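Reading the sequence shown from the start, the letters are residues -20 to -1, 1 to 337 in mature numbering (1 follows the signal peptide of the UniProt record, and there is no 0).
These notes concern the structure reproduced below.
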Amino acid sequence: MKKLVLMAALAACGVSVANAAPTVYGKAFLTLDYVSGGDTDVTTTTDAYVNGKVSTNSTKTSTDGGDVTELNSNSSRIGLKGAENLTDNTDVVYQLEYGIDVDADDNGKKQFYSRDTYLGLANKQYGTLLAGRLSAIDDSINYVSQAVGQFDNSFGDAAWDGNRINNAFAYVSPDYNGMNFMAMYALDNKSEHNGLGHEGWGVGVKYEPEGQPYRGGITYIQAGDFKTTRISGAYDLNNTVGIGALYQLDKSKENDGKDENVFSISGTYQTASPWKVYAQADFIDNVAFNNDADSQQFVIGGKYAFSKQAIGHVYGGYRNNEYKEVVSNVKDGNGTVVKTKTETDGMAIGAGLEYLF
């Protein structure tokens, strides 16, 4: 899950710092993963019509996705952030955060690729305004994601998952008894894809009352014909057990305008030892606005806190994707109807170490 930089900026809003030295921070997170590509099964059913009469033929092919054992860097990063006092109530806040691949020298973006980078103003009375490359505001109300490693991108197949936005502005209000209002605006820069593809805007609200076991939020983002609404919440049943859920509705005119539905649920259990175990299930209907395209993912794992900075991870998970397509060329009782069903599954297990600084 991406770092919730808006919350960091909001925290800065309540602090006036004179001549504060920048803070260097980051994390290195490596896992050793065994990934099985599983099988891709394609079933093709052809209904041939001749003078209104039909004959059916079905074929099935299967392709093995292969297995691989690999070392992976997971959202490893290094950053510089800080604040500088302008007045008694207003600070300049800044952050320069860059992703790095601990196990490689080239991830397609080269090393030190930009994550959340911004410059802004934080005022105790009026809130925080940021400008730069920012995570969309809906990323700050993801109360469900627990999975890491191979499965940290829970909604990776979805059309939208709290993307980072270039050429963006974001606003977070002061804290009103645990409630914050949020807004964002992205410029439509023709020379550079801004992460939305169009000029876009969004609004949201979240409620995280201090000392209470519940928290939640809702956001709405629109860019051109694309619209996404997210609602998410979490509840701590007691000091050891917590649950979280998220629902997201994406709308677009792409692919005949089929709405994409994303639903996720998770649970955590803090044992008497440093172990924290979790389970998470993610479901996507009409993946990327494709009718009859579905995705399911199930993950279980554990996190072992050696200290506040060093965390061990173990996990395993399974993913299944299914896509159906129907092509009809029947006219006056003659022609064919071809139905294609493609199903892909895969699993992965992994273990690793995360170090925060």
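Note that the Cβ used here is the ideal one computed from N, Cα and C, for glycine as well.
The structure presented is a predicted model; accordingly, all values stated were derived computationally and were not measured.
- Of the other Cβ atoms in all chains shown, fewer than 16 fall within 10 Å of the Cβ of Y93; this residue is therefore exposed.
- The alpha carbon of F206 has as its nearest neighbour, out of W140, P154, S42, S115, the alpha carbon of W140.
- Between the segment 99 to 108 and the segment 153 to 171 there are three or more C-beta pairs closer than 8 Å, enough to call the two in contact.
- Membership of Q276 in the beta strand (DSSP E) is indicated by the continuous run 273 to 285.
- Taking 8 Å as the upper bound for CB-CB distance, S244 and V124 are in contact here, some 5 Å apart.
- Counting the other CB atoms within 10 Å of its CB gives D47 a total below 16, which places it among the exposed residues.
- Your pair S246 and I223 checks out as a contact, with CB atoms roughly 7 Å apart and the cut at 8 Å.
- By the criterion of a C-beta distance shorter than 6 Å, D230 is surrounded in its chain by A139, W140, T208, E240, once the five residues flanking it on both sides are discounted.
- With a beta-carbon spacing of about 14 Å, G6 and G62 fall beyond the 8 Å limit used to define contacts.
- If you draw a 10 Å sphere on the C-beta of D71, you find 16 or more other C-beta atoms in it, and that means buried.
- Residue state for A268 is assigned as helix, using DSSP reduced to three classes.
- Considering only G182, Y258, V318, the residue with the shortest C-alpha distance to T199 is G182.
- By the criterion of at least three beta-carbon pairs nearer than 8 Å, the segment 114 to 122 is not in contact with the segment 249 to 267.
- With contacts defined as CB atoms closer than 8 Å, P254 and A290 fail to qualify as a contacting pair.
- Burial is judged here by how many other beta carbons sit within 10 angstroms of a residue's own beta carbon; Y258 has at least 16 and is buried.
- Contact annotation: the segment 12 to 28 touches the segment 308 to 320, with at least three C-beta pairs closer than 8 Å.
- Scanning the segment 178 to 227 for uninterrupted beta strand (DSSP E) segments of 3 residues or longer gives 180 to 187, 194 to 203, 206 to 216, listed from N- to C-terminal end.
- For the options E323, K311, Q202, the alpha carbon positioned closest to that of M164 is the one of Q202.
- Note on geometry: alpha-carbon atoms of Q260 and F278 lie some 6 Å from one another.
- Rounded to the nearest whole angstrom, the CA to CA distance from E190 to K233 is 41 Å.
- Shown here for N52: same chain residues with a beta carbon closer than 6 Å to its own, the five before and five after excluded, namely T11, D13 in chain order.
- DSSP, read as helix, strand or coil, puts G129 in helix.
- The C-beta distance from H293 to E334 rounds to 6 Å, short enough to fall under 8 Å.
- The C-alpha of G196 is placed about 34 Å away from the C-alpha of V15.
- The beta-carbon distance between Y303 and N270, rounded to whole angstroms, is 7 Å. This is short enough to meet the 8 Å contact definition.
- In the DSSP assignment, A163 falls within the beta strand (DSSP E) that extends over 159 to 166.
- The C-alpha of L99 is placed about 4 Å away from the C-alpha of Y74.
- Around the CB of A148, 16 or more other CB atoms lie within 10 Å, so the residue is classed as buried.
- The beta-carbon separation of N31 and N314, rounded to 7 Å, stays under the 8 Å limit for a contact.
- Taking the Cβ atoms as the reference, T43 lies roughly 7 Å from D19, within the contact range of under 8 Å.
- By the Cβ-count criterion, S287 is exposed, with fewer than 16 other Cβ atoms from all chains shown falling within 10 Å of its own Cβ.
- Excluding sequence positions up to five before and after E188, its CB lies within less than 7 Å of the CB of G158, R195, all in the same chain and listed in chain order.
- Closest in C-alpha terms to Q126, from the list V310, A328, G281, L101, comes G281.
- Within the same chain, Y215, D216 come within 7 Å of P193 by CB-CB distance, once the 5 residues on both sides are set aside.
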